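Be aware that the sequence shown starts at 907, since it is given in this note's numbering, and climbs by one per residue. Structure first, then comments.
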Amino acid sequence: EIVESYGKNMYPELGIKDGYQLYRPVGCDNCSRTGYRGRMGVHELLVVSDNIKKLIAKREGAEVIREIGVREGMRTLLQDGIWKVICGHTDLKQVLSVCMR
């Protein structure tokens, strides 16, 4: 599911060759038994290139602009969240609860 969610064609950029380990939250006294402590943002940044400027000027739809942005290197909220899951900062359930599909 993670490979498909990240994007099969872009997944290799993560450099994961031998698999990864996913974590689940484990509660303790420090986190009030939730398994979570503190906050971490997931981010998406669209750099407004000349191509993107032209699409905006033509009033292209958000999906077209997003598609071109991804082709030009933008990573989506979901992709950033998945990277943080793989790094062990959070779990997939939390990422999927805050990211649109």
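Virtual Cβ for every residue (Gly too), placed ideally from N, Cα, C. In this text the structure is predicted, and so the values were computed from the model without any measurement.
Collapsed DSSP secondary structure at residue i in the structure displayed
i            : result
residue 918  : helix
residue 926  : coil
residue 1003 : helix
residue 948  : coil
Pairwise C-alpha distance: residue j and residue i
i            : j           : result
residue 918  : residue 924 : 12 Å
residue 985  : residue 935 : 31 Å
residue 981  : residue 945 : 20 Å
residue 1001 : residue 928 : 13 Å
residue 910  : residue 951 : 21 Å
residue 914  : residue 973 : 15 Å
residue 959  : residue 966 : 10 Å
Residue i and residue j closer than 9 Å at C-beta
i           : j           : result
residue 953 : residue 962 : no
residue 907 : residue 983 : no
residue 896 : residue 970 : The question about residue 896 has no answer, for the chain in this structure spans 907 to 1007.
Expected contact under 8 Å - CB spacing of residue i and residue j to nearest Å
i           : j           : result
residue 941 : residue 932 : 5 Å
residue 988 : residue 912 : 5 Å
Closer than 9 Å to chain C by CB, residue i
i           : result
residue 936 : Considering every chain present, this structure includes no chain C. It has just one protein chain.
Check whether the region 991–1001 touches the region 963–979, counting contact only when three or more Cβ pairs, one atom from each stretch, lie closer than 8 Å. no
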